[in-house]
Amino acid sequence: MVKCAVGDDVYEDDPNVEVMQDALAEFFGKEAALYLPSGTQSNLCSIMTNCRVKGSSAILGDKSHIYNYERGGMAAIGSIFPQVISNQQDGTFSLEALKKMMPPPTEHIAQPSVICLENSHGGCNGATVGLDFVKEVKKVAKKQKLRMHLDGARLLNALVEQEIEPHEYVKPFDTVSICLSKGLGCPVGSVLLGKEKDIYYARNIRKMLGGGMRQAGMTAVCALVAFDDWNVVLKEDNAKAKQLAHLLESENDFVACEAASVKTNMLTFQLLPSITKKKGSLDHQTLSRLLKEQHNILTLPSFFNDYVRVVTHRDVTVEDVETTHKAILEVIKANI
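Sequence positions in the sequence shown follow full-length UniProt numbering and run 1 to 336.
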C-alpha cells in the first residue's frame, strides 16, 4: 500500500484501480468493473442503472439487505419502487409468487425493471442460494424482459461452500456487487460488475452520489492480494463459524443455535425464553454489549433484539472461536 502508484480514479488515471477493475472483471467473466466506497452505494448505483425510468420498480426479497438496511436509497434517491416478495429460510422465494407479481402493462402500476437476489443471504443466517434457483429466476426475467442484479457482498463465502466457479454463478446476472472489505479482508470498498455500457452509466451515478475517490490505488491493490488465496481463506472462515455453531448448539440449557443451518461464515443464536422472560433478565443487546466490554468480542444483536449474530473472518483463529464460546457462557451465567 505504501509503495503503490496512485492517481485520480475520478479521471480514470489511478493505475492500480484500473488494474484491479480489469482483473476482477476478468475473474468474474464480466466486461467491466467499477470501484465504489461501499456495498450500499454499489447496490444503489446498480439498481439505478437497471431502472432508468423513474417510478419503475425493483423486485427483491423481504429479508434482503437492499430492502432492509440501505436506508431506502432506491426510493429516496432513485425514485424506484421496491416490490417485495417473501424470502424463504434458504434465501430463495417462491417462483410461482414471483410470476404472480408481474403486472399488466398499464400506466396505473409501477412496472418492474430488475429482480434482485442476494448470496450469501445475510437476512437468512448466511444461507447459500443455489445456481439452479438463479437459473429458474432468469427464465422468468427473460420472459418478462427484466434485468437481474446480485447483491454478492459475501458471494465468495457462499461459492466455496457450493463449489461453484464465480464466473459460472454470476453469468445470469446483468450486474453484480462484490464487497472487498468483508470476507476478503480489504480496508474498504466494493466493486460493481457488468457490461461496459452499464458500468459507464453506473460511473455517472457514482459521481452524482459523491463516490469518486482520489488516490484510491492504495486500497485497490489490497483486492489483488486478497484474491491470491481467497478460496482457502474463506473456506477456513466458514469452518470456524460452523465450529462455533456446534459448540453453541450443545449449550441448549442457555441458547438455541441450529448448527446444521450454518452454511457460510455467519451464524445466529438466541437466548432461551427461560432466560429472557425473567424480570430484569439478560437480553440480546445486553449480551452483545457485555461481550464487547468484558471480553473485547464484537457481535451484533438484531435491530429487533431477538437474536445475536456472529461473523468469522480471516483474523479470527480457531482458538478465538473457543474463547468466544466460553465468553458467551460466562456472560450468560453471570447475569441470570
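C-beta: ideal position from N, C-alpha, C; glycine also.
(request) Using the DSSP secondary-structure output, state which residues sit across from L271 in a beta bridge. (result) On the sequence shown, residue 271 is found 271 positions in, with the first residue counted as 1. L271 is bridged to V255.
(request) Express the C-alpha separation of A245 and I275 in angstroms, rounding to a whole number. (result) In the sequence shown, residue 275 corresponds to position 275, counting from 1. In the sequence shown, residue 245 corresponds to position 245, counting from 1. Their backbone Cα atoms lie some 20 Å apart in a straight line.
(message) Do C179 and A158 have their beta-carbon atoms positioned less than 8 Å apart in this structure?
(response) As a first step, residue 158 must be located in the sequence shown, where it is residue number 158. As a first step, residue 179 must be located in the sequence shown, where it is residue number 179. Their beta carbons are not under 8 Å apart, which means A158 does not touch C179 by this criterion.
(message) Tell me the rounded alpha-carbon separation between L291 and P37.
(response) Start at 1 with the first residue of the sequence shown, and residue 291 comes out as number 291. Start at 1 with the first residue of the sequence shown, and residue 37 comes out as number 37. Cα to Cα, the separation comes out at about 30 Å.
(request) Return the CA-CA distance between P82 and H108, expressed in angstroms with no decimal places. (result) Within the sequence shown, residue 82 is the residue found at index 82, counting from 1. Within the sequence shown, residue 108 is the residue found at index 108, counting from 1. Rounded to whole angstroms, P82 to H108 spans 16 Å at the Cα level.
(request) Check R154 in the structure and name its three-state DSSP category. (result) To locate residue 154, count along the sequence shown from 1; it is residue 154. Here R154 sits in coil by DSSP.
(request) Reducing DSSP to helix, strand and coil, say where Q111 ends up. (result) Residue 111 sits at position 111 when you count from the first residue of the sequence shown. Q111: coil per DSSP, three-state reduction.
(request) Taking 8 Å as the cut-off, decide whether the C-beta atoms of L282 and I336 are in contact. (result) As a first step, residue 282 is located in the sequence shown; it is residue number 282 there, counting from the start. As a first step, residue 336 is located in the sequence shown; it is residue number 336 there, counting from the start. Going by C-beta atoms, L282 is nearer than 8 Å to I336.
(message) With H, G and I counted as helix, E and B as strand and the rest as coil, what does DSSP make of I297?
(response) Taking the first residue of the sequence shown as position 1, residue 297 is located at position 297. Residue state, collapsed to three classes: coil.
(request) May I ask which residues mark the beginning and end of the alpha helix (DSSP H) holding I199? (result) The residue you call residue 199 lines up with position 199 of the sequence shown. From DSSP, the alpha helix (DSSP H) with I199 extends over E196 to M208.
(message) Rounded to whole angstroms, what is the Cα-Cα separation between T323 and A256?
(response) The residue you call residue 323 lines up with position 323 of the sequence shown. The residue you call residue 256 lines up with position 256 of the sequence shown. Spanning the two alpha carbons is a distance of roughly 19 Å.
(request) Taking T40 as the reference, give the member of K135, E258, N231 and E118 with the closest Cα. (result) Your numbering for residue 40 matches position 40 in the sequence shown. Among K135, E258, N231 and E118, the Cα nearest to that of T40 belongs to E118.
(request) Output the distance between the C-alpha atoms of Q144 and M102, rounded to the nearest integer angstrom. (result) As a first step, residue 144 must be located in the sequence shown, where it is residue number 144. As a first step, residue 102 must be located in the sequence shown, where it is residue number 102. For Q144 and M102, the distance between alpha carbons rounds to 8 Å.
(message) To the nearest angstrom, how far is the alpha carbon of Q243 from that of C186?
(response) Walking along the sequence shown from the start, residue 243 turns up at place 243. Walking along the sequence shown from the start, residue 186 turns up at place 186. Spanning the two alpha carbons is a distance of roughly 24 Å.
(request) Report the option in C4, V262 and L234 whose CA atom is closest to the CA atom of T317. (result) Locating residue 317 in the sequence shown gives position 317, counting from the first residue. Of C4, V262 and L234, the residue nearest in Cα terms is L234.
(message) Quick check on E165 - is its C-beta less than 8 Å from some C-beta in chain B?
(response) Looking for chain B here will not work: only one protein chain is present.
(message) As a quick exercise: from V2, G280, C124 and G72, pick the residue whose alpha carbon is nearest that of Q88.
(response) Locating residue 88 in the sequence shown gives position 88, where the first residue counts as 1. Measuring from the Cα of Q88, the nearest candidate turns out to be C124.
(request) Spell out a yes or no on whether the stretch 59-76 and the stretch 210-222 are touching, meaning 3 or more CB-CB pairs, one atom from each, closer than 8 Å. (result) no
(message) What does the alpha-carbon distance come out to for the pair E70 and G7?
(response) Residue numbering aside, residue 70 sits at position 70 when the sequence shown is read from its first letter. Residue numbering aside, residue 7 sits at position 7 when the sequence shown is read from its first letter. Roughly 30 Å separates the two Cα atoms.
(message) Pull the bridge partners of Q83 from the DSSP assignment, please.
(response) Counted from its first residue, the sequence shown places residue 83 at position 83. I59, per the DSSP bridge assignment.
(request) Mind checking who H121 pairs with in its DSSP beta bridge? (result) Position 121 of the sequence shown holds residue 121. Answer by DSSP bridge pairing, in chain order: A127.
(request) Mind checking which residues open and close the alpha helix (DSSP H) that includes V221? (result) Translated into the one-based positions of the sequence shown, residue 221 becomes position 221. Segment G217 to A226, the alpha helix (DSSP H) holding V221.
(request) Determine the DSSP secondary structure at D8, reduced to helix, strand or coil. (result) What you label residue 8 is simply residue 8 of the sequence shown in a count that begins at 1. Three-state result, D8: strand.
(request) Give the range of the alpha helix (DSSP H) segment to which Y169 is assigned. (result) If you number the sequence shown from 1, residue 169 lands on position 169. Segment P166 to V170, the alpha helix (DSSP H) holding Y169.
(request) Buried or exposed for P104, please, with buried defined as at least 16 other CB atoms from any protein chain shown within 10 angstroms of its CB. (result) For the purposes of this step, residue 104 is taken as residue 104 along the sequence shown, with counting starting at 1. Under this definition P104 is an exposed residue.
(message) Can you confirm whether the stretch 121-140 touches the stretch 90-98 when touching is taken to mean that 3 or more C-beta pairs between the two stretches lie within less than 8 Å?
(response) yes
(message) Along the chain, where does the beta strand (DSSP E) containing Y35 start, and where does it finish?
(response) Taking the first residue of the sequence shown as position 1, residue 35 is located at position 35. Where Y35 is concerned, the enclosing beta strand (DSSP E) stretches over A32 to L36.
(message) Buried or exposed, going by whether 16 or more other CB atoms sit within 10 Å of the CB of G55?
(response) For this step, residue 55 is matched to residue 55 along the sequence shown. By the 10 Å Cβ count, G55 comes out exposed.
(request) Please report the residue range of the beta strand (DSSP E) in which I178 lies. (result) The residue you call residue 178 lines up with position 178 of the sequence shown. Residue range T175 to C179 is occupied by the beta strand (DSSP E) that includes I178.
(message) Taking only three categories from DSSP, how would you classify L193?
(response) Start at 1 with the first residue of the sequence shown, and residue 193 comes out as number 193. Secondary structure at L193: strand, using DSSP grouped into helix, strand and coil.
(message) What does the alpha-carbon distance come out to for the pair F133 and G29?
(response) Residue numbering aside, residue 133 sits at position 133 when the sequence shown is read from its first letter. Residue numbering aside, residue 29 sits at position 29 when the sequence shown is read from its first letter. If I take the Cα positions, the gap works out to 20 Å.
(message) Contact between the stretch 181-201 and the stretch 21-35 is defined here as three or more beta-carbon pairs at a separation below 8 Å; is this criterion met?
(response) yes
(request) Kindly indicate which three-state DSSP category R147 falls into: helix, strand or coil? (result) Numbered from its first residue, the sequence shown carries residue 147 at position 147. Reduced to three states, the DSSP call for R147 is strand.
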